[in-house]
Amino acid sequence: MSDMKFIDAGWLIDGSGGPVLKNVRIGTEKESIVSINESGFKDPSIKAADLSLCTILPPLVDSHVHLCMSGTVDPFVRKKQLDINFADAKVVISNHIAQHLSHGVLAVRDGGDKYAHSLRYLNECHDIMESPVKIKVSGKAWHKAGRYGGLIGRPPEKNCSLAQAIKNCSDKIDYIKIVNSGLNSLKEFSKETGPQFSIKELSDAVKIAERLGLKVMVHANGKKPVEFALVSGCHSIEHGFFMGDENLGLMAKKNIIWVPTACTMKAYLEHMEKKSVEYDVTCMNLEHQLKQIENARKYGVTVALGTDSGSTGVHHGLAVKEELNLLITAGYSVPEAVKCATFNGAELLGINEFGHIARGEPATFIAIEGMPSDIPSSLSSIKAIFINGRIRYSDQAKSKDYCAWD
Ligand SMILES: [Zn+2]
Numbered sequence: 027m028s029d030m031k032f033i034d035a036g037w038l039i040d041g042s043g044g045p046v047l048k049n050v051r052i053g054t055e056k057e058s059i060v061s062i063n064e065s066g067f068k069d070p071s072i073k074a075a076d077l078s079l080c081t082i083l084p085p086l087v088d089s090h091v092h093l094c095m096s097g098t099v100d101p102f103v104r105k106k107q108l109d110i111n112f113a114d115a116k117v118v119i120s121n122h123i124a125q126h127l128s129h130g131v132l133a134v135r136d137g138g139d140k141y142a143h144s145l146r147y148l149n150e151c152h153d154i155m156e157s158p159v160k161i162k163v164s165g166k167a168w169h170k171a172g173r174y175g176g177l178i179g180r181p182p183e184k185n186c187s188l189a190q191a192i193k194n195c196s197d198k199i200d201y202i203k204i205v206n207s208g209l210n211s212l213k214e215f216s217k218e219t220g221p222q223f224s225i226k227e228l229s230d231a232v233k234i235a236e237r238l239g240l241k242v243m244v245h246a247n248g249k250k251p252v253e254f255a256l257v258s259g260c261h262s263i264e265h266g267f268f269m270g271d272e273n274l275g276l277m278a279k280k281n282i283i284w285v286p287t288a289c290t291m292k293a294y295l296e297h298m299e300k301k302s303v304e305y306d307v308t309c310m311n312l313e314h315q316l317k318q319i320e321n322a323r324k325y326g327v328t329v330a331l332g333t334d335s336g337s338t339g340v341h342h343g344l345a346v347k348e349e350l351n352l353l354i355t356a357g358y359s360v361p362e363a364v365k366c367a368t369f370n371g372a373e374l375l376g377i378n379e380f381g382h383i384a385r386g387e388p389a390t391f392i393a394i395e396g397m398p399s400d401i402p403s404s405l406s407s408i409k410a411i412f413i414n415g416r417i418r419y420s421d422q423a424k425s426k427d428y429c430a431w432d
């Protein structure tokens, strides 16, 4: 007997950035997609899961989070979270992973924490929790002594180069995270901080990382800090506020991925005193970043969606919706923005199991209520998550919509 199962999807966004397909019958067998029929829901004799009022897309990927921290705006809680012990961090991280799952996010990349709790969680707890959310971690980030970065990492020891420090501490991590600038000023528009490391230090660090089979993600804002990271051959630029058009061009040329995290500024705005200098500067920071994203699209820069969840006001899972909205505001079509949030993120994180819905690929995708034009607000209404041909999550486990399925 055939193991084939069918889904009738109202709309399909396949993750490639190409046009939306309408009224698609998706056939799966065991764990894989075996057919995608665009000629509508013909042959009513075939039993199919009815998702005709839903849009199907690849699982979402958040390429920049901090699992140890929540998006709380309460300074007392934030301070406590920064010095959290592992027993408490386990609970916090599990909750954040659950929040990602409930928003259809099936992979996250952690940008570092002071005590490497996320790394330890991945090694000691993640399998036990049996969550389908994939976690990639960088452990503790690297920053220059005396410069910004202590919240998420540490500097190399005295008399130890950045490259040597990386070589000594690369166990079990998926990424090397380097902090190469300060934070954005909320008081002075476009104020830049200098690079933390020289091109030589960064180039040596990238070489060592590549020898260890690791990619390098660089926190960098401003022209010089971004330029140094790009010239050194890093694999992704995180934030990249005020980097300028020349760096965008270089990024496109060198095929280095950009993770703009624009929603961090939006989140600040929502909790700031209006009629303050900070509010005006933050507004301008956001506008400037949206313009850079618009230009990145024109230049052909590969953008991967990342939220910096765990920053003030940036909530795990929910923030993906915000960032998608900002990409669309900056001129991306819905399928293009979805590509940033799915295919590009999966590529960056080295995930092969999902990112593109096509024949021969694993039957792993999410179904959200409504049509593509309802994205991103419809991301709050995840109808079902399919992983390797099985329903992993649905709004009503026994819904008649799925009776043909399980
Ligand atoms: Zn971050």
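The sequence shown begins at 27 in our numbering and counts up one residue at a time. Glycine included, each C-beta is placed from N, C-alpha and C at the ideal position.
For the beta strand (DSSP E) that residue i lies in, which residues bound it at each end?
i: Glu264; result: 262-265
i: His245; result: 241-246
i: Glu395; result: 391-395
i: Ala410; result: 408-413
i: Val285; result: 283-285
i: Leu132; result: 131-136
i: Ile417; result: 416-420
i: Ser204; result: As written in the sequence, residue 204 is Ile, which differs from the Ser given in the question. That run of the beta strand (DSSP E) goes 201-205.
Once DSSP output is grouped into helix, strand and coil, what is the label at residue i?
i: His143; result: helix
i: Gly275; result: helix
i: Gly44; result: coil
i: Pro361; result: helix
i: Ser216; result: coil
i: Ser196; result: coil
i: Arg180; result: strand
i: Tyr174; result: coil
i: Ala345; result: helix
i: Glu55; result: strand
i: Lys160; result: strand
i: Lys166; result: coil
i: Ala384; result: coil
i: Val118; result: helix
i: Asn351; result: helix
i: Ala330; result: coil
i: Ala191; result: helix
i: Ile319; result: helix
i: Ile123; result: helix
i: Asn49; result: strand
i: Ser337; result: strand
i: Asn149; result: helix
i: Ser454; result: Outside the shown range of the chain (27 to 432) lies residue 454, about which nothing can therefore be said.
i: Lys424; result: Its pLDDT being 44, under 50, Lys424 is placed unreliably by the model, and nothing is read from it.
i: Ser61; result: strand
i: Ser211; result: coil
i: Pro402; result: coil
i: Cys366; result: helix
When you compare each of the options to residue i by their alpha carbons, which one comes out closest?
i: Lys279; options: Asp271, Ala356, Asn378; result: Asp271
i: Lys250; options: Met30, Leu240, Ile263, Gly179; result: Ile263
i: Met243; options: His265, Glu304, Arg237; result: His265
i: Arg237; options: Val252, Ile192, Gln222; result: Ile192
i: Glu395; options: Ile408, Glu387, Leu374, Val327; result: Ile408
i: Cys195; options: Val99, Asn149, Lys166; result: Lys166
i: Met291; options: Ala75, Arg51, Met310; result: Met310
i: Cys80; options: Leu47, Asn111, Ala235; result: Leu47
i: Ile154; options: Asn370, Lys106, Ser120, Pro85; result: Ser120
i: Lys198; options: Ile62, Tyr147, Leu86, Leu331; result: Tyr147
i: Val50; options: Asp76, Leu344, Leu350; result: Asp76
i: Gly275; options: Ala372, Leu331, Ala322; result: Ala322
i: Lys203; options: Lys217, Leu188, Glu214; result: Leu188
i: Trp168; options: Phe223, His342, Pro398, Phe102; result: Phe223
i: Gly343; options: Lys105, Glu373, Tyr201, Val131; result: Val131
Counting contacts by CB-CB distance shorter than 8 Å, is residue i in contact with chain D?
i: Ile283; result: Of the protein chains in the structure, only one exists, and it is not chain D.
Between residue i and residue j, which are expected to be in contact by the criterion C-beta below 8 Å, what is the C-beta distance as a whole number of angstroms?
i: Ala436; j: Ile417; result: Lying outside 27 to 432, the shown extent of the chain, residue 436 is not represented and no answer is given.
i: Val329; j: Ala293; result: Not quite, the Cβ-Cβ distance comes to about 19 Å (not below 8 Å), so this is no contact.
i: Gly336; j: His92; result: 3 Å
i: Thr308; j: Leu212; result: 5 Å
i: Pro84; j: Thr368; result: 4 Å
i: Thr287; j: Thr355; result: The pair is not a contact, with the Cβ atoms about 15 Å apart (cut-off 8 Å).
i: Asn185; j: Phe254; result: The Cβ separation is near 22 Å, so there is no contact.
i: Phe267; j: Asn247; result: 4 Å
i: His261; j: Lys241; result: 4 Å
Can you name the start and end residues of the alpha helix (DSSP H) that residue i belongs to?
i: Gly371; result: 369-375
i: Met30; result: No alpha helix (DSSP H) contains Met30, which is instead part of the beta strand (DSSP E) from 30-38.
i: Leu228; result: 225-237
i: Phe254; result: 249-257
i: Asp153; result: 152-155
Going by the C-beta, is residue i closer than 7 Å to any heavy atom of ligand 3?
i: Asp88; result: Questions concerning ligand 3 fall outside what the structure shown contains, since the ligands it does hold are ligand 1.
Exercise. If you scan the segment 65-112 from start to end, which runs of the alpha helix (DSSP H) of 4 or more residues do you find wholly inside it?
Worked result: Runs found: 101-108.
For this session: List in chain order: all unbroken beta strand (DSSP E) runs of 3+ residues lying wholly within the segment 287-316.
Result: Qualifying beta strand (DSSP E) stretches: none in this window.
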